[in-house]
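Below is one structure; the comments refer to it alone.
In the numbering used here, the protein residues as written are 3 to 924.
Now the structure itself:
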């Protein structure tokens with residue numbers, strides 16, 4: 003049984019072949035995936051279609067989760083105005099799938115001739131489409147629906163985006179709707195706008211030339227016809243005048259125009275043709291998944307047509323995606339690139355795209371000259387511009403990404419005297435600038451190919467230096483304004499301002515190369531630091547900051563405030579990258595000295611935070627506590643909530659390392675209370691890290707050592723959840739560091755492996771050597787805990803004392819002599835009881851007398867009790883009890899274990915508690 007050409011339900015009509023949904027005679031805008039869902043559901047009306055079946059039908063080989071299905075069903079319901087009450091079309095059957103519940107009947111399309119999909123070629127004067135049309139089904143459907151409803155429709159878009167292809171394909175489907183068929187009018191060859199009416203007339207009736215628009219209207223007055231008016235942009239005014247004359251005189255004529263800008267004819271409806279669909283920038287796709295995106299599909303099809311034997315493999319996918327993305331998904335550019343793959347290969351082509359205008363030159367011989375090379379395609383648009391428009395386009399090429407109107411004016415206003423709004427508006431209309439109005443502030447952007455072309459023109463015009471300086475200055479002013487409102491304001495970390503990072507990088511690069519201005523480099527890096535840190539690009543920032551400080555050494559007058567800021571920021575980079583070392587102390591020390599000299603209390607506190615972190619990394623916990631007290635003295639209550647949070651954090655961490663667990667926990671709880679009261683909403687401010695994550699990371703350690711493993715696990719998991727919600731890599735590293743330790747102590751080996759892998763992945767991706775070393779520490783601990791393997795320490799991995807101390811808590815086999823010396827000297831109070839206990843276990847393992855080991859266990863027990871470290875106390879008691887059991891002192895051993903266990907209120911499933919209970923019961 004043949005499928006009906008249309009389905010009728012309620013006020014709607016669905017035309018599957020044309021991929022068109024009508025309400026009455028009006029097309030309904032609905033996305034491609036949602037339309038696919040509708041077709042599947044309508045064809046199975048009254049039956050339940052399972053979720054897996056829907057996903058397989060619509061997404062085919064692409065792996066998506068059920069959330070994507072729900073999103074598109076919701077979009078479909080909105081398009082149908084399905085409110086679930088007065089109007090119901092789609093019902094979700096819990097646990098089974100979806101059902102289309104409205105009555106459906108087969109129908110013959112109204113307004114769209116039932117033979118639309120098979121046009122009468124004899125009545126169609128259209129160029130043949132010699133290749134498959136890829137990825138334009140939705141656009142063709144939209145054009146068809148718009149032309150049925152409106153008499154003047156323009157398909158507008160950038161050069162090479164495929165406007166003509168879409169118009170011809172749509173016209174072919176619409177041919178049978180018109181008694182007198184379709185005529186194709188190609189205006190591209192015209193150099194004289196006065197010939198528009200005559201060329202149009204010739205396409206309709208070659209025997210009847212006309213002199214003006216009025217005669218053209220008379221010629222078409224009794225026709226029922228669709229006119230495809232192609233390539234209007236260079237004669238747009240004449241094309242608009244001719245179209246208006248025809249529409250007035252010939253009520254049966256519809257006009258479908260293509261142009262790089264709207265014709266602005268009376269009654270015109272504009273459809274802007276977007277680029278082909280591109281895969282996401284991140285995530286590795288298979289061949290099948292990549293080819294679900296039309297840009298890649300076109301690319302691979304055209305390669306296969308040009309390159310016999312081409313086989314697209316999974317390893318090729320990243321190169322293909324990069325090429326398609328850098329060519330903005332423009333079909334012409336993609337086809338030109340496909341023609342070079344046989345010569346250069348995919349990796350070679352991707353590497354050569356910086357020189358795209360030199361290599362993308364082999365178009366079809368029969369194509370128009372402007373479609374045979376990429377440069378010619380843009381030359382055609384550029385030459386249609388006024389001098390002011392050309393100048394503005396050149397200047398806008400200094401932006402690496404999206405920009406606002408104010409930003410555009412900022413890079414143009416110094417040397418140009420023009421109406422910027424009008425010039426930018428015209429460039430948008432001419433499809434040389436794209437605009438995104440889906441944000442609070444409209445964002446403009448040049449396609450990458452257009453930007454590369456305009457940048458060449460900027461250099462040729464000798465304007466690069468002035469434009470680069472204006473751009474750099476504008477970046478400085480924007481972020482200095484943000485900072486003046488609130489130091490290191492977290493607002494620059496939101497999605498709207500994150501777009502700045504590419505422009506920041508470009509401005510800094512140009513300050514070194516084109517501008518050769520160390521002061522500008524320093525100013526840029528200082529003003530934009532919050533963006534680099536919010537995106538955790540510390541190693542990239544470090545490279546630029548070191549170069550800026552080196553160049554600044556040549557300045558006659560040192561900018562001390564900028565130097566203070568730079569040294570502090572560089573110290574933070576070094577600490578996250580290396581953890582410890584002379585560079586860390588030197589950077590924070592210089593920042594502190596400059597802050598004192600300049601009487602800048604804010605940066606004095608920042609430098610103290612860094613010096614405290616450095617002392618913790620070197621294992622000088624007493625010095626860290628002294629620095630924490632200095633910070634507290636600079637931060638009396640009521641100073642500044644963010645400064646108080648920072649002060650509470652450094653005090654919490656220092657007290658923890660000094661073994662004062664109760665005081666550390668008190669500081670943590672007080673600081674968390676302050677955070678809740680001021681409600682940061684992701685604004686980390688001067689702290690630079692999510693305070694929830696950092697404070698809870700160390701609080702979880704304190705809770706575990708105090709004998710509260712269940713609470714410790716909850717707080718550690720909360721820290722990770724908080725950090726992940728911020729999407730801030732540095733905060734996530736802190737949180738994962740905290741969670742891994744608690745998982746290690748609780749013997750949760752499988753989860754420890756996952757979290758250590760996550761920490762390693764984040765740290766490696768962001769080149770954060772300190773956190774990478776922590777990930778390796780936990781992996782070494784995991785290797786011993788699960789397999790009993792002692793992983794030799796690699797000299798290439800920089801480890802701080804805290805990491806060696808952490809390994810000691812796993813087994814006496816991982817105890818180093820240096821850690822034992824530090825514990826006996828009182829230099830690591832937080833874990834000293836466990837270190838002494840490990841030494842006793844080592845002696846027993848090496849065959850020493852029980853009495854010798856017993857002395858170490860007793861010392862460990864006394865230290866644990868003194869610091870109220872219940873978990874260390876339980877471990878020491880368990881080792882001592884085992885020692886006594888081996889000497890037949892069962893009563894003493896039982897009394898010791900029972901006395902410790904009776905103080906436990908949670909964590910009865912942890913390995914330490916289970917071991918002690920087994921000994922007690924045995």
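All residues carry an ideal CB built from backbone N, CA and C; glycine is no exception. Here the structure is a predicted model, which is why all the values come from computation and not from measurement.
For a cut-off of 8 angstroms, the C-beta gap from residue 236 to residue 391 is around 14 angstroms, too long to register as a contact. Here the region 703 to 720 makes contact with the region 902 to 914; the two share three or more CB pairs at distances below 8 angstroms. Residue 542 has its alpha-carbon roughly 14 angstroms from the corresponding atom of residue 765. By the neighbour-count criterion, in which 16 or more other beta carbons inside 10 Å mark a residue as buried, residue 88 falls on the exposed side. Short of 8 angstroms from the beta carbon of residue 560, and not among the five residues preceding or following it, lie these beta carbons of its own chain, in chain order: 554. Judged by beta-carbon spacing, residue 674 lies within the 7 angstroms limit of residue 697, meaning their Cβ atoms are closer than that value. Using a C-beta cut-off of 8 angstroms, the region 632 to 648 makes no contact with the region 811 to 825, since fewer than three inter-stretch Cβ pairs fall below that distance. Collapsing the DSSP output to three states places residue 92 in a strand.
Secondary structure note for residue 25: it is in no alpha helix (DSSP H), and the uninterrupted beta strand (DSSP E) holding it is 22 to 25. Taken through DSSP and simplified to helix, strand or coil, residue 750 comes out as coil.
In this structure, residue 172 lies near residue 145, with their beta-carbon atoms less than 7 angstroms apart. For residue 795, no alpha helix (DSSP H) run applies, since DSSP gives it neither H nor E. Setting aside the 5 residues that flank it on each side, residue 676 is surrounded in the same chain by 643, 646, 647 and 650, each with a C-beta closer than 8 angstroms to its C-beta; the list follows chain order. Taking C-alpha positions only, residue 734 is separated from residue 722 by approximately 6 angstroms. Under DSSP, the beta-bridge partners assigned to residue 228 are 184 and 256. Along the length of the region 682 to 745, whole alpha helix (DSSP H) runs at least 4 residues long occupy 693 to 707 and 711 to 728, reported in chain order. Inclusion of residue 185 and residue 229 in the CB contact set at 7 angstroms is warranted, their separation being smaller than that value. DSSP places residue 612 inside the alpha helix (DSSP H), whose first and last residues are 603 to 620. Bridge pairing for residue 15: 10 and 24 [DSSP]. Collapsing the DSSP output to three states places residue 843 in a helix.
By the Cβ neighbour-count rule, residue 178 is buried, with 16 or more other Cβ atoms within 10 Å of its own.
With fewer than 16 other CB atoms across the displayed protein chains lying within 10 angstroms of its CB, residue 268 is exposed. Look at residue 438 here: in three-state DSSP terms it is strand.
Each residue's CA atom was taken as its position, placing residue 667 and residue 77 some 49 angstroms apart.
Annotation: the region 138 to 188 contains the following complete segments of the alpha helix (DSSP H) (minimum length 4 residues), in chain order: 139 to 151 and 165 to 176. DSSP links residue 100 through a beta bridge to 51 and 94. Around the beta carbon of residue 481, 16 or more other beta carbons lie within 10 angstroms, which makes this residue buried.
Setting aside the 5 residues that flank it on each side, residue 791 is surrounded in the same chain by 785, each with a C-beta closer than 7 angstroms to its C-beta; the list follows chain order.
In the DSSP annotation of this structure, residue 191 is not part of any beta strand (DSSP E), being labelled neither H nor E. Counting along the chain, residue 426 sits inside the alpha helix (DSSP H) bounded by residues 422 to 431. Counting the other CB atoms within 10 Å of its CB gives residue 704 a total of 16 or more, which places it among the buried residues. Shown here for residue 600: same chain residues with a beta carbon closer than 8 angstroms to its own, the five before and five after excluded, namely 562, 563 and 566 in chain order. A check of alpha carbon separations from residue 463 across 397, 430, 472 and 407 identifies 397 as the nearest. Straight across, the Cα-Cα distance linking residue 377 with residue 313 is about 29 angstroms. Counting C-beta pairs closer than 8 angstroms gives fewer than three between the region 208 to 227 and the region 153 to 161, which falls short of the contact rule.
Judged by their CB atoms, residue 400 and residue 469 are nearer to each other than the 7 angstroms cut-off.
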